[in-house]
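> One structure coming up, written as structure tokens, with questions to follow.
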Amino acid sequence: MTMRNRVVITGYGTYNPLGHDAQTTWARLMAGESGIAPITLFDASAYKTRIAGEVKEFDPVGLFGRKEARRMARATQLALAAAAQALAHADLPVHDGNRDRIGVIVGSGMGIMDPIVDSHTILQEKGPDRVSPFFVP
Numbered sequence: 002m003t004m005r006n007r008v009v010i011t012g013y014g015t016y017n018p019l020g021h022d023a024q025t026t027w028a029r030l031m032a033g034e035s036g037i038a039p040i041t042l043f044d045a046s047a048y049k050t051r052i053a054g055e056v057k058e059f060d061p062v063g064l065f066g067r068k069e070a071r072r073m074a075r076a077t078q079l080a081l082a083a084a085a086q087a088l089a090h091a092d093l094p095v096h097d098g099n100r101d102r103i104g105v106i107v108g109s110g111m112g113i114m115d116p117i118v119d120s121h122t123i124l125q126e127k128g129p130d131r132v133s134p135f136f137v138p
């Protein structure tokens with residue numbers, strides 16, 4: 002069976018070390034800028050590498066509200082924020098007739114490791130009853 006359905010990219014969005022949207026990211030790339038800088042999201046003094054490409058000035062509470070932001074890993078927050086940009090950029094109305102025909106492609110480099118490490122630490126130090134029921138690796 003041969004599938005003849007076409008895929009059309011109608012919108013795009015991004016949150017990355019160079020910007021919180023595609024236009025800013027592209028402009029900074031064309032200017033030769035790098036998103037690599039000293040690590041600020043955690044204390045990296047114990048590690049040999051102290052630089053990384055961090056997404057800075059990202060406000061998940063402003064985007065999702067405090068309760069929802071607490072339930073999501075940072076990588077999930079960034080992916081959903083970029084997906085929302087892509088939907089807005091596409092100017093595609095989402096309804097019951099097309100909801101199951103819309104998809105998102107996400108690129109991330111080990112972005113979901115922090116909740117795995119955090120949950121493992123909680124498991125070791127406090128026991129299985131203290132691991133969040135929302136944790137699914």
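Position 17, counted from 1, in the sequence shown is what our numbering calls 18; the numbers after and before it change by one each time, with no gaps.
Glycine included, every Cβ here is placed at the ideal spot set by N, Cα and C.
Since the structure is predicted, the reported quantities are computational estimates derived from the model, not experimental observations.
1) Alpha carbon to alpha carbon, how far is residue 84 from residue 34?
2) Identify the continuous beta strand (DSSP E) that holds residue 37 and give its terminal residues.
3) From the DSSP secondary-structure annotation, give me the bridge partner or partners of residue 53.
4) Determine which residues share a DSSP beta bridge with residue 6 and list them.
5) Report buried or exposed for residue 42, applying the criterion of at least 16 other Cβ atoms within 10 angstroms of its Cβ.
6) Identify the continuous alpha helix (DSSP H) that holds residue 73 and give its terminal residues.
On the basis of the coordinates in this document:
1) 25 angstroms
2) 37-39
3) 38
4) According to DSSP, residue 6 bridges with nothing at all.
5) exposed
6) Counting along the chain, residue 73 falls outside any alpha helix (DSSP H), and DSSP gives it neither H nor E.
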